[in-house]
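Chains as they are written, first to last, in full-length UniProt numbering: chain A, 1 to 230; chain B, 1 to 272.
Glycine included, every Cβ here is placed at the ideal spot set by N, Cα and C.
Everything below concerns the one structure shown next.
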Amino acid sequence: MDALSSWDVIKNNLPWLLWGAWPDGPLGGLALTVVLAAGSALGSAVLGLALGILLAVLRGVPRHALLGTLAFLRAIPVLMLIFWVYFLLPICLHIDVPGVWSVMCALTLISAAYLAHAVYAGIEGISKGQWEAALATGLTHWQTLRLVILPQALRMMAPSFINQWVTLIKDTSLAYIVGVGELAMVTAQVSNRVMIYPAQLFLFAGVLYFALCQGVTWAGNRVAKTAWQS
Amino acid sequence: MKTTLLAALLATALIPAIAMADRLDDIKKAGVLRVAAFDGNPPFGFVDEKTHKIVGLDVDYANEVAKRLGVKLEITPTNPANRIPLLAANKVDLVFANFTITDERAKVIDFSVPYFASGQQFLAKKGTLKNPQQITSLRVGADKGTTMEATLRQKYPSAQVVLFDDTPFALAALRNGNVQAITQDGSKLVAILGALPDKDKYEIPPFSISEELEGVGVPKGETRLVAFLNDTLHDLEKTGSAQTIYDRWFGPTTKAPLPRLFKIGDAHIRAE
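Here you go:
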């Protein structure tokens with residue numbers, strides 16, 4: 001151990017930090033972080049879009065009920081929701097949700113709540129004149145929304161989506177609370193075994209998170225730009 | 001009316017039946033023993049660098065229990081704070097995680113007889129901590145959700161307890177001077193001291209402030225399962241397997257040798 005130069009600790013544990021025990025065991029480390037983030041990004045985009053559209057079209061009591069639910073989801077810490085889904089659902093409702101799914105479920109719900117408001121704001125941002133013009137040409141409400149309003153609104157929403165996805169990537173580190181072996185958790189495992197290199201290990205994990213978040217920002221902006229030009 | 005009453009009676013009659021379903025039978029039927037163990041607490045439970053499996057003294061005991069039940073062992077990683085929630089939510093059948101038996105915990109879960117014991121001790125720079133009275137004037141680092149934290153607060157209310165998520169952070173704080181001492185099981189501190197590159201600057205003062213008896217955590221009310229565990233543990237001591245397991249992690253050839261002062265069936269740690 002003494003002869004081990006402090007950065008060798010990363011080299012020696014690299015496969016474990018990058019993909020866990022895979023292919024002999026479950027996926028872990030950075031790869032699981034990517035899976036968790038991608039899964040909840042996709043889920044929250046679909047759910048957020050649907051809920052945002054509902055916010056724009058619903059009126060009265062149903063709209064207030066939806067607003068209340070979204071407010072609730074935005075007000076509770078992600079950590080709490082993960083904890084509830086994992087530990088309280090089995091106790092209260094006898095539903096057993098495995099760790100990976102409870103994290104994805106919690107992140108999807110909370111991100112969708114944030115995105116719903118962004119989608120709603122995007123739809124509202126399109127001038128009323130466009131609705132009227134489209135309806136006057138004989139399009140139905142649904143066609144107007146799908147063919148005229150959303151394509152423009154989604155472009156405006158792109159930065160909000162990218163923002164939310166970057167937050168999502170970082171929030172996957174909260175999965176440690178229920179023992180899901182993503183990057184932050186496997187880093188802690190190695191740190192606990194070697195005991196004296198927490199700075200090196202967590203600095204390395206920090207660099208990986210930074211690279212991942214920057215990658216998403218870059219890719220997201222590129223996609224948004226191409227979509228804008230087309 | 002009569003049918004609703006009957007249904008209600010039937011429902012209330014069924015609830016105790018469900019609650020009384022025996023976990024020992026469930027485990028045998030499932031063919032799997034689900035155990036929570038530490039993933040970052042060497043040498044009790046930690047991820048092996050080569051095999052990427054959770055190994056350690058606790059896991060060895062869990063393995064022996066699974067072997068005698070004739071079932072497969074499935075390990076779920078845990079941190080100190082999740083041990084009781086994992087049992088309560090039926091995510092695991094047993095907890096083998098350096099689990100100190102306390103009256104407080106015994107209100108919500110059951111314990112087997114202790115299979116390991118150690119005292120709560122301190123690690124500090126040489127000369128800073130000579131006797132227990134000095135603890136009151138120090139900043140002491142402890143791991144969150146452990147009995148160390150509770151004992152320290154109760155016995156030395158004026159000591160400044162600084163909580164850490166993990167032992168490496170507490171250790172880093174000690175080495176940087178953020179805290180003057182850290183507290184842990186003596187058995188674990190010996191291993192930590194052994195891992196330090198500048199170990200000659202540190203010491204484990206020769207006193208302990210509590211005796212920690214560690215048992216298997218069992219869901220509340222599973223008396224048959226507890227009885228099976230106790231029989232198994234006593235038998236492991238009798239056949240010498242307990243000694244073999246101990247020597248694997250604390251024996252003379254290990255990195256942190258420690259004399260064995262507690263055997264399964266003892267009430268307390270023996271005087272050296």
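Of all alpha-carbon atoms in V59/B, Q184/B, A124/B, L174/B, the one lying nearest the alpha-carbon of T151/B is that of Q184/B.
Along the region 152-169 of chain B, going in chain order, the ones with a CB nearer than 7 Å to a CB of chain A are D166, T167, P168, F169. Residue state for E49/B is assigned as coil, using DSSP reduced to three classes. Here T128/B carries a coil assignment [DSSP, helix/strand/coil]. Per DSSP, reduced to three states, the secondary structure at P151/A is helical. When secondary structure is reduced to three states using DSSP, G20/A falls in the strand class. For A106/B, the uninterrupted alpha helix (DSSP H) segment begins and ends at 103-106. Looking at Y156/B, N131/B, K125/B, the one whose alpha-carbon comes closest to that of D198/B is K125/B.
Residue contact check for R193/A against chain B: a CB pair falls below 8 Å.
Y209/A and P90/A have their alpha carbons spaced roughly 32 Å apart. Secondary structure within the region 22-67 of chain B: the beta strand (DSSP E) runs of 3 or more consecutive residues, fully enclosed, are 32-38, 45-47 (chain order). Chain B has a Cβ within less than 8 Å of the Cβ of W16/A.
Between A181/B and F122/B the beta-carbon gap is near 5 Å, inside 8 Å, which marks them as a contact.
Remark: C-beta atoms of M195/A and P77/B do not approach each other more closely than 8 Å. For the beta strand (DSSP E) assignment, the uninterrupted runs of no fewer than 3 residues enclosed by the region 174-255 of chain B are, from N- to C-terminal side, 181-185, 211-219. In the DSSP annotation of this structure, the continuous segment of the alpha helix (DSSP H) that includes Q189/A starts and ends at 183-194.
Here M148/B is buried, its C-beta having at least 16 other C-beta atoms within 10 Å.
With respect to V162/B, G194/B sits apart: the two C-beta atoms are not nearer than 8 Å. Taking N192/A as reference, the option from S210/B, S208/B, D166/B with the minimal CA-CA separation is D166/B. In the structure shown, the three-state DSSP call for S158/B is coil. In this structure, G217/B keeps its C-beta atom at 8 Å or more from the C-beta atom of V65/B. Counting the other CB atoms within 10 Å of its CB gives Q143/A a total below 16, which places it among the exposed residues. Pairing R153/B with L213/B, the inter-Cα distance amounts to about 19 Å.
For P62/A, no Cβ of chain B is located within less than 8 Å of the residue's own Cβ.
Just measuring C-alpha positions, the residue of V216/A, V223/A, V186/A sitting nearest I10/A is V186/A. Only those residues of the region 45-76 of chain B whose C-beta falls short of 7 Å from the nearest C-beta of chain A are listed: F46, V47, E49, H52, T76. It is roughly 12 Å from the alpha-carbon of P114/B to the alpha-carbon of V226/B.
When DSSP states are grouped into helix, strand and coil, S102/A belongs to the helix group.
For a cut-off of 8 Å, the C-beta gap from L174/A to L73/A is around 15 Å, too long to register as a contact. For I192/B, the nearest beta carbon of chain A is closer than 8 Å to its own beta carbon. Shown here, A31/A sits in a helix according to DSSP, grouped into three states. When the Cα atoms are used, F116/B and G215/B turn out to be separated by approximately 7 Å.
Identification of chain A residues near T183/B by a Cβ-Cβ cut-off of 9 Å yields none; the smallest Cβ-Cβ distance measures about 16 Å. The shortest CA-to-CA distance from K91/B to any of A106/B, E74/B, D247/B is the one to E74/B.
The beta carbon of Y61/B lies closer than 7 Å to those of F96, Y115, I245 in the same chain, with the five residues before and after it left out. Here K91/B carries a coil assignment [DSSP, helix/strand/coil].
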